[in-house]
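Using the working numbering, the first residue of the sequence shown is number 39, and each one after it goes up by one.
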Amino acid sequence: MQLDAKASENLSGTVHFEIGGYNRGMMQYWGASGNGGALGADGTVVKVKNAFIDWTVPQTALKVRMGIQPIQLPDYINNSQVLADDAAGITASYAFNENVGLTAFWTRLFNDNTTATTNRYPGYMDNMDAVGLTLPLTFDGVNLTPWGMYAGIGPAINYDSVTNDPTKKQITSYVSQASAGGPKAGLLPLYGGFHKSRLSQYGNAMWAGLPGQITAFDPFRISWDVVYGAVQYDDSAMNRAGWLASLVLEYKLDWSTPGLYGWYTSGDDDNLGNGSERMPNIHPNNPNDFSEFAFHGDPIVGRDSIVGKSMTGTWGIGVRLKDMSFVENLSHTFRINYMGGTNDPGVLKKINRATGSWMAPNDTTVAGREGLYLTRNDSLVEFGLSTKYKMYDNFTVYVETNYDALFLDKSATVWGNSKMNGKSDRSADAWNTAVTFVYQF
Numbered sequence: 039m040q041l042d043a044k045a046s047e048n049l050s051g052t053v054h055f056e057i058g059g060y061n062r063g064m065m066q067y068w069g070a071s072g073n074g075g076a077l078g079a080d081g082t083v084v085k086v087k088n089a090f091i092d093w094t095v096p097q098t099a100l101k102v103r104m105g106i107q108p109i110q111l112p113d114y115i116n117n118s119q120v121l122a123d124d125a126a127g128i129t130a131s132y133a134f135n136e137n138v139g140l141t142a143f144w145t146r147l148f149n150d151n152t153t154a155t156t157n158r159y160p161g162y163m164d165n166m167d168a169v170g171l172t173l174p175l176t177f178d179g180v181n182l183t184p185w186g187m188y189a190g191i192g193p194a195i196n197y198d199s200v201t202n203d204p205t206k207k208q209i210t211s212y213v214s215q216a217s218a219g220g221p222k223a224g225l226l227p228l229y230g231g232f233h234k235s236r237l238s239q240y241g242n243a244m245w246a247g248l249p250g251q252i253t254a255f256d257p258f259r260i261s262w263d264v265v266y267g268a269v270q271y272d273d274s275a276m277n278r279a280g281w282l283a284s285l286v287l288e289y290k291l292d293w294s295t296p297g298l299y300g301w302y303t304s305g306d307d308d309n310l311g312n313g314s315e316r317m318p319n320i321h322p323n324n325p326n327d328f329s330e331f332a333f334h335g336d337p338i339v340g341r342d343s344i345v346g347k348s349m350t351g352t353w354g355i356g357v358r359l360k361d362m363s364f365v366e367n368l369s370h371t372f373r374i375n376y377m378g379g380t381n382d383p384g385v386l387k388k389i390n391r392a393t394g395s396w397m398a399p400n401d402t403t404v405a406g407r408e409g410l411y412l413t414r415n416d417s418l419v420e421f422g423l424s425t426k427y428k429m430y431d432n433f434t435v436y437v438e439t440n441y442d443a444l445f446l447d448k449s450a451t452v453w454g455n456s457k458m459n460g461k462s463d464r465s466a467d468a469w470n471t472a473v474t475f476v477y478q479f
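Here is the structure:
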């Protein structure tokens, strides 16, 4: 539920409440028993999603937003593959003219401050702050938004066993405490550093992107996104750096918008000592137009991310018919995707030598990864159909059906010795059908 209080054109406030519990911001449990629910009903967790004020500096065009607000980096295709979430911060935007604008922001993305254990020192290197700039450029038929962001990563965010004793300089091992949730999935290499080094300094992260689109040839549209990101720690074996490039070609017809698209992201090599070559990310918690099942799909349905929220370590091509409509208030989107991994399969054998066990492709307990870890020998074919029926002005029915066929390399040095289902390397295709009823008022 969202409440807006507007005092004038220059001053307003917004409070947005939501129902449901979160596991470190990554997974929602609607009405789970731990949150006071019974059989998925009667949930008791009501939280503040957004709470901010908007105001304009007098006699200027400078607009300021302060509080818990949506923070999303620019992207004309899939929102953002680096950060799209709610966080406390300050955003300032200024329009120089109708063609050029500038937005600057500061946000505190994480601040642990827990007292859960006796050996915690709340407030000690447990925060992650980010600052960034975006430069929206709008011209006739062409849009560009160059952007950049820097983040300081406290080595104690969301971890236990922290001490600020300068004689020990001991901050928790990312290996023993890590799991694949939150920053542990997107800001670390596989297993988070094999030699269990303990960090004593803030990590440095930076991203830069150049998304854009061309609409000068309407109804033909070209959209693209290019992003590079890097994270550096005082233990160089835990560094992570990589890039992403994506492209969409669309042609709008009266009854649909056919589209052809593709993406490529850098993947890990087989060296366990030089960090990760996948692009780091903080929380790409946003709908992905390429796939509503393999990646993060429509939040209204919410059954997705089979491969992961992030596209890192993958490549793919796809075709779609978007917003097909032959009947008033009824529309469909049909897509076919073929995707594969960009990670070196040789890394799995070296992981086995280092740990004595074979990592499973779906083992989400491992730091530095999420969902499925796909190598260059693996692939996936996806078929998806989503339907939207606006029954009344305030009432909409969504129906979504997806099928993902997975093809893994089951040779002995890749996934053949892993236990994907807990017992063997046997895997199965994934499918999903969901119906959602939405009443908006």
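Each residue gets a CB set at the ideal place from its N, CA and C atoms; glycine is no exception.
Taking Gln97 as the centre and dropping the five residues before and after it, the same chain places no C-beta closer than 7 Å to its C-beta. The C-beta distance from Gly179 to Ile252 rounds to 6 Å, short enough to fall under 8 Å.
Excluding the 5 residues flanking it on each side, Leu41 has same chain C-beta neighbours closer than 6 Å at Val53, in chain order. For Tyr289 and Asp256, the gap between their C-alpha atoms comes out near 8 Å. A direct Cα-Cα distance of roughly 18 Å separates Gly267 from Glu408. When the beta-carbon positions are compared, Leu359 and Val452 stay at least 8 Å from each other. The stretch 242 to 306 is shown to contain whole beta strand (DSSP E) runs of 3 or more residues at 250 to 252, 258 to 270, 278 to 289, 295 to 303, in chain order. Val169 sits in a strand when the DSSP states are folded into three classes.
By the beta-carbon neighbour count (other beta carbons within 10 angstroms, threshold 16), Ala45 is exposed. A residue is called buried once 16 or more other Cβ atoms fall within 10 Å of its Cβ, and Thr183 is buried on that count.
Taking Gly313 as the centre and dropping the five residues before and after it, the same chain places the C-beta of Pro227, Ser274, Ala275, Met276, Asn277, Arg278, Ala279 closer than 8 Å to its C-beta, in chain order.
Three or more beta-carbon pairs separated by less than 8 Å link the stretch 295 to 310 to the stretch 342 to 361, which places the two stretches in contact. Assigned with DSSP and collapsed to three states, Thr393 falls in helix. The beta carbons of Ser369 and Asp361 sit about 5 Å from each other, so the pair counts as a contact at 8 Å.
Minimum Cα-Cα distance from Trp144 among the listed residues Val169, Val138, Ala133 corresponds to Val169. Collapsing the DSSP output to three states places Pro322 in a strand.
For a cut-off of 8 Å, the C-beta gap from Ala398 to Leu418 is around 16 Å, too long to register as a contact. The straight-line gap separating the alpha-carbon atoms of Asn165 and Ala283 is approximately 30 Å.
One thing to note: Gln119 has its Cβ within 8 Å of the Cβ of Pro322. Beta-carbon to beta-carbon, Thr434 and Thr471 are separated by about 18 Å, too far to satisfy the 8 Å threshold. Per DSSP, reduced to three states, the secondary structure at Val357 is strand. Where Gly224 is concerned, the enclosing alpha helix (DSSP H) starts and stops at 221 to 224. Residue environment: Leu171 is assigned as exposed (fewer than 16 neighbouring CB atoms within 10 Å of its CB, all protein chains considered).
Taking 8 Å as the cut-off, the Cβ atoms of Ile320 and Pro221 count as close.
By the C-beta density criterion, Gly394 is exposed, having fewer than 16 other C-beta atoms within 10 angstroms. Taken atom to atom, the span from the alpha-carbon of Tyr430 to that of Ser363 is near 17 Å. For Ser369, the pairing in a beta bridge is given by DSSP as Lys426. For a cut-off of 8 Å, the C-beta gap from Ala122 to Gly105 is around 18 Å, too long to register as a contact.
In the three-state scheme derived from DSSP, where H, G and I count as helix and E and B as strand, Val385 is classed as helix. In the three-state reduction of the DSSP assignment, Tyr441 falls in the strand class.
Comparing alpha carbon positions, the residue from Ala450, Val86, Met458 closest to Phe55 is Val86. Remark: C-beta atoms of Asn137 and Thr176 approach each other more closely than 8 Å. Proximity to Pro108 across Leu100, Asn88, Lys101 peaks at Asn88, based on C-alpha coordinates.
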